[in-house]
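Residue numbers (our numbering), protein chains in the order written: chain Y, 27 to 378; chain E, 27 to 378. All residues carry an ideal CB built from backbone N, CA and C; glycine is no exception. Source: prediction; values computed, not measured.
Protein chains: 2
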Amino acid sequence: MQKHKPTTIIDIAKALNVSPSTVSRALHDHPSISAETKRNVHELAKKFNYQPNLLALSLLNKKTGIIGIVVPEITGYFFATIINGVQDMVASAGYKLLICQSNESFEEEKKLIHEMTLLRVDGFLISPTFNTKTFDHFEKLKSAGIPLVIFDRDCPGFQADKVLVDSYHGAYQAVDYLVKAGCRHVAHIAGPIAIPTFKQRLDGYLDALQDNGLSINDSLIVYSSGFSSECGIDALTQLLDQNETLDGIFSVNDAVAIGAMHIIRERGLRIPQDISMVGFDDESYSCFFNPSLSSVWQPVYEVGMLSAKILLDHFSNSEQAEGYRYEVLKPELVIRSSSASPNPLDIPRVHL
Amino acid sequence: MQKHKPTTIIDIAKALNVSPSTVSRALHDHPSISAETKRNVHELAKKFNYQPNLLALSLLNKKTGIIGIVVPEITGYFFATIINGVQDMVASAGYKLLICQSNESFEEEKKLIHEMTLLRVDGFLISPTFNTKTFDHFEKLKSAGIPLVIFDRDCPGFQADKVLVDSYHGAYQAVDYLVKAGCRHVAHIAGPIAIPTFKQRLDGYLDALQDNGLSINDSLIVYSSGFSSECGIDALTQLLDQNETLDGIFSVNDAVAIGAMHIIRERGLRIPQDISMVGFDDESYSCFFNPSLSSVWQPVYEVGMLSAKILLDHFSNSEQAEGYRYEVLKPELVIRSSSASPNPLDIPRVHL
DNA sequence: CCCTTTTACGCAAACCTTTGCATTAGCTAT
DNA sequence: ATAGCTAATGCAAAGGTTTGCGTAAAAGGG
């Protein structure tokens, strides 16, 4: 494995006894280069397998063509699909994507952003950690003139372009549906309400109950310590041990819902006859559970596409339109068989 | 959003009336710089918020500190977890990761590798497309002296460092278990056998049957057109429509198995009483199905860690040990309740 | 007081490419 | 013949950093 150093424009220039500038111009088909020189250059470039050094170019142009994306995790349908949306959008504009995971660590997030700044990425797409309460590291980007778009998770008080999903609306739909389907004692497995997204889901739950004339029972709200199925197990164990009357559950996400369903079955209860269940996220496997899990679908791919689009707009229209974009996409309730039908005569509409 | 250009070492030099070299040395704590100068430089660097330009450095050192990883997809537990393993390993060595998806497209794979070469990534981790039959683009990397490690999917005939999982062994275990549990008519939902991984799973299936003295029934082998749950639905519909006797299924992966289980239930058959099921991959949700899905777990995270480690070794020991590393990791059968217990008295061991 | 070290720093090259501004030669038009 | 033009190319700077080597001044030794 002989390590040739890559051919440069200078190598070609020497071999042809011309200057590097001539070679550069020939390769770019500059009009003031003779046809013969061009031919020679192209020929030699092919022969030596010349590849332009993008580093040198980036240094010169002060742009790398790389977009940095920071997500809390890539495992899981949600962020992976957002990344797909981003990828597809930026690739079509000739940009490359540098993907990093913060693993929900604020320190990691700061470090990653810093490192990517050193690499001179042209812009950022960021979905902040749940532990991101201060935004100095984002402000730094703004004052350095590096465009950024926040997606999926809001940063209250921080001004920037944002692409979010209307969690409140999704939650409201889900709970409203449960109530209209006959549930009178709907519980909520909530996420940490310090986080806007989960506060919104809780609010949607509360408002939907109240708008339907149901009173709120605080002991039907249980807070999950995390977002894995194991947390769902814990949450539901806690809930059932309270012995409250209970005929419906709105879960903060599908993974948790699945853990919860496991416990429901284990206690000999039936879904949806005894307890209806609605999740959030519409994971790819949710429709294959038994019973298939009703869930709130989010336009994840679109979030990715739109975020990327907004970022790309910064590159082309440098004349920064005043103000920041604030886009809120609508989720959609997908009804399957884990929740009772509103009209007992209806057969549940099963989505695959 | 005023776009300051970033401070350079030259700005500091001018402000202090010294040469850039002095600033550089001061920042690197070079011994031949006076304590006072160092103090001044550091002070000003902090004040101006100086950030070294990694592009210039990369250009100089001919290394970027970036590792390129090309995977067929990032959606899904398998590759996402491998990436986690890689990430953790390379981060500890100070490398950054450029993640790209080929979407199982050979052309895309070639294009991505080419582009990443232009960006001068220091090395590659590649899991080839199912459509990658020729390896010229890999050979190019080798002859350019760029180290690469192939993982998860083998490239027959191409010499390189490889980290693979022993699919044959996993499949053999699964089918051997099904037979010992009493299944006499074990079907296999196979992947495309043009791909070594799936050929191995098929071979494991065949050998396990024969070693147990069972004959092979070709109509019990059905080929799935893909790897999603929808494909499992198709495959099993086809299988059941043949009306063959059938009491066990070994599926090419969990997603397909889940689609298959859906159909089994729909036809009024019971799992595992009528048909036992074992999948492959041990997805994170598999243990929450009803019944929970037995599966072959693969050491995914370890594949990532080891692949990255081997690549990193190339950077430190440039004195290339002769020959290529060829690592084959062992998968492990995880028995849950979708498969009958070997001894009817045993209660199935349920893994969470 | 002079020679030798040491201390502290500057110069310039190297990494690779692009591009505005010469520069050269050959031609045309006057 | 000569100014003016065009065609084809070269020069050099710029982008930011590191580093071997050279050098000045100060310090030390005899």
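What did DSSP end up calling residue i once you bin it into helix, strand or coil?
i, result
"Asp-307(Y)", "strand"
"Asp-148(E)", "coil"
"Tyr-352(Y)", "strand"
"Leu-167(E)", "helix"
"Ser-321(Y)", "strand"
"Gly-102(Y)", "coil"
"Ile-95(Y)", "strand"
"Leu-337(E)", "helix"
"Gln-127(Y)", "strand"
"Tyr-231(Y)", "helix"
"Leu-383(Y)", "Any question about residue 383(Y) goes unanswered here, given that chain Y covers just 27 to 378."
"Lys-122(E)", "strand"
"Ile-247(Y)", "strand"
"Pro-57(Y)", "coil"
"Lys-89(E)", "coil"
"Leu-240(Y)", "coil"
"Phe-132(E)", "helix"
"Ile-109(Y)", "helix"
"Tyr-256(E)", "Per the sequence shown, residue 256(E) should be read as Glu rather than Tyr. DSSP places Glu-256(E) in helix when its eight states are reduced to three."
"Ala-207(E)", "coil"
Is there a Cβ of chain E sitting closer than 8 Å to that of residue i, yes or no?
i, result
"Lys-40(Y)", "no"
"Ser-321(Y)", "no"
"Glu-141(Y)", "yes"
"His-68(Y)", "no"
"Ile-109(Y)", "yes"
"Arg-51(Y)", "no"
"Tyr-311(Y)", "yes"
"Ala-265(Y)", "The sequence as given places Leu at residue 265(Y); Ala does not occur at that position. No - not a single Cβ of chain E is within 8 Å of the one on Leu-265(Y)."
"Pro-381(Y)", "Lying before the first or after the last residue shown, residue 381(Y) is absent from chain Y, which here runs from 27 to 378."
"Thr-101(Y)", "yes"
"Gly-32(Y)", "Checking the sequence shown, residue 32(Y) turns out to be Pro, not Gly. Chain E contact via Cβ: present."
"His-288(Y)", "yes"
"Arg-146(Y)", "yes"
"Lys-72(Y)", "no"
Indicate whether at least one CB of chain Y lies closer than 8 Å to the CB of residue i.
i, result
"Leu-295(E)", "no"
"Gln-28(E)", "The predicted model places Gln-28(E) with a pLDDT of 48, which falls under 50 and marks its position as unreliable; any figure quoted below should be read in that light. At least one chain Y Cβ lies under 8 Å of Gln-28(E)."
"Ile-373(E)", "In this predicted model, Ile-373(E) has a pLDDT of only 41, less than 50, meaning its place in the structure is not dependable; the value taken from the coordinates is given anyway. Ile-373(E) does not count as touching chain Y."
"Val-44(E)", "no"
"Asn-79(E)", "yes"
"Gly-330(E)", "no"
"Asn-316(E)", "yes"
"Leu-85(E)", "yes"
"Arg-362(E)", "no"
"Gln-127(E)", "yes"
"Val-376(E)", "With a pLDDT of 46 at Val-376(E), under the threshold of 50, the modelled position of this residue cannot be trusted; read the value that follows with caution. Val-376(E) does not count as touching chain Y."
"Arg-179(E)", "no"
"Ala-334(E)", "no"
"Leu-151(E)", "no"
"Gln-113(E)", "yes"
In angstroms with no decimal places, state the Cα-to-Cα distance between residue i and residue j.
i, j, result
"Ser-131(Y)", "Asn-279(Y)", "21 Å"
"Gly-285(Y)", "Phe-184(Y)", "35 Å"
"Ile-247(Y)", "Ile-219(Y)", "12 Å"
"Leu-266(E)", "His-288(E)", "13 Å"
"Ser-169(Y)", "Gly-349(E)", "51 Å"
"Gly-252(E)", "Phe-306(Y)", "27 Å"
"Lys-159(Y)", "Val-189(Y)", "18 Å"
"Ser-118(Y)", "Asn-129(E)", "15 Å"
"Asn-75(E)", "Ser-153(Y)", "25 Å"
"Arg-375(Y)", "Ser-277(E)", "Since pLDDT at Arg-375(Y) reaches only 43, below the 50 mark, its modelled position is unreliable, and the value read off the structure follows with that caveat. If you take the alpha carbons of Arg-375(Y) and Ser-277(E), they lie about 28 Å apart."
"Gln-199(E)", "Asp-202(Y)", "48 Å"
"Asp-37(E)", "Leu-145(E)", "28 Å"
"Leu-235(E)", "Asp-244(Y)", "57 Å"
"Asp-260(Y)", "Cys-313(E)", "16 Å"
Who pairs with residue i in a beta bridge, going by DSSP?
i, result
"Ile-275(Y)", "Ala-213(Y), Met-303(Y)"
"Lys-188(E)", "Ile-176(E), Tyr-352(E)"
Pairing CB atoms from the region 260-274 of chain E with CB atoms from the region 210-220 of chain E, are three or more of them under 8 Å?
yes
Closer than 8 Å is the cut-off here; do at least three beta carbon pairs connect the region 135-154 of chain Y with the region 167-176 of chain Y?
yes
Count the CB pairs spanning the region 57-74 of chain E and the region 92-102 of chain E that are closer than 8 Å, and state whether there are at least three.
no
Tell me, please, whether the region 44-58 of chain E touches the region 353-360 of chain Y by the rule of three or more beta-carbon pairs shorter than 8 Å.
no
Cβ contact (3+ pairs, closer than 8 Å) linking the region 319-332 of chain E and the region 104-118 of chain E
yes
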